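Those letters in the sequence shown? Residues 8 to 241, by the working numbering.
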Amino acid sequence: MNIAMQPKIKATSKENTKSENLTEYLIDAIVEGDIAPGSKISEPELAKRFEVSRGPLREAIMRVEGLGLIERIPHIGARVISFSTEHLLELYSVREALEGMAARLAARHITAEEIRSLEAVLSTHSEHIDQVEGASYFHQHGDFDFHYQIIKASRNKKLVSLLCDELYHLLRMYRYQSPRSHSRPEEALDEHKYILQAITNRDEELAEMLMRRHISGSRRLIEQQLDNEQGEEK
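So this is what it looks like as structure tokens:
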């Protein structure tokens with residue numbers, strides 16, 4: 008496991024325990040590729056580097072494992088997951104169904120303030136695309152992520168748990184570590200605008216349809232890229 012980079016752990020406060028800070032560090036390091044896919048998680052190495060006991064460390068590892076970023080392999084131990092084609096396409100199929108539902112519910116429950124926030128997010132994304140001349144989409148995370156905000160606006164706790172906790176960081180990991188050729192910035196931005204317009208208009212059926220179509224388009228692009236890569240290897 009390569010952890011030679013500077014720790015990103017924030018100073019411990021009343022609200023943040025060592026375990027929570029370690030969890031945040033591990034998530035970011037895995038998502039951004041600082042700890043590479045397939046790497047073994049060395050508890051002694053992490054405990055020594057961050058001067059923490061095994062208790063908080065194991066608690067952090069269990070939390071990250073619960074997010075699907077770490078897997079335990081018999082006789083080997085904890086390792087960072089590696090994306091397989093099957094795993095990736097399954098992730099997008101689940102997203103298509105669940106985020107379509109989230110968009111439908113968001114159209115029913117979203118507030119004016121949340122709509123303004125989504126408009127601001129898309130404005131920022133548009134500016135970035137202009138700055139890089141359409142070379143990439145500007146993916147932020149958490150409350151600054153377009154999809155994340157829509158899921159939160161659904162007001163469905165189970166959807167929020169599944170999409171913002173269990174699946175969200177897997178998607179972030181793929182975004183960070185995938186080739187730019189999987190991206191379609193201007194088309195994606197237009198689709199986001201249409202989705203937001205449907206949600207703003209309280210058109211539940213259209214919002215769900217557009218969101219499903221949007222994610223399905225991303226999945227097809229991934230399939231095409233993977234087919235091209237396999238063709239080049241032959």
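From the three backbone atoms N, C-alpha and C, an ideal C-beta is built for every residue, glycine too.
The model shown is predicted, which means the values in this text are computed figures rather than measured ones.
Based on Cα-Cα distance, which residue from Lys55, Pro51, Arg191 and Ile68 lies nearest to aspartate 35? Ile68
Identity of the residue in Asn28, Asn208 and Leu105 nearest leucine 169 by Cα: Ranking Asn28, Asn208 and Leu105 by CA distance to the CA of leucine 169 puts Leu105 first.
Considering only residues of the same chain and omitting the five flanking positions on each side of lysine 200, which have a CB-CB separation below 8 Å? Leu129
Hey, would you say the C-beta of leucine 33 is under 6 Å away from at least one heavy atom of the ligand NAD? Because no ligand of any kind appears in the structure shown, any question about the ligand NAD cannot be addressed here.
Residues sharing a beta bridge with glutamate 50, DSSP: Partner(s): none; glutamate 50 has no beta bridge.
Close-in-space but distant-in-sequence residues of the same chain around asparagine 163 (CB under 6 Å, 5 per side omitted): Leu112
Would you check if there are 3 or more beta carbon pairs closer than 8 Å linking the segment 37 to 48 to the segment 179 to 186? Because the criterion of three Cβ pairs below 8 Å is met, the segment 37 to 48 and the segment 179 to 186 touch.
Can you pull the DSSP bridge partners for arginine 79? Bridge pairing for arginine 79: Ala85 [DSSP].
Report the rounded CA-to-CA distance for histidine 221 versus aspartate 152, giving the unit in angstroms. 15 Å
Going by beta-carbon coordinates alone, are isoleucine 4 and alanine 85 separated by less than 7 Å? Missing from the structure shown is residue 4; the chain here goes from 8 to 241 and no further.
Does the Cβ-Cβ distance between glutamate 198 and alanine 114 come in under 7 Å? no
Which listed residue (Ser133, Leu95, Met108 and Pro63) has its alpha carbon closest to that of leucine 166: Taking leucine 166 as reference, the option from Ser133, Leu95, Met108 and Pro63 with the minimal CA-CA separation is Met108.
Is asparagine 235 helix, strand or coil by DSSP? helix
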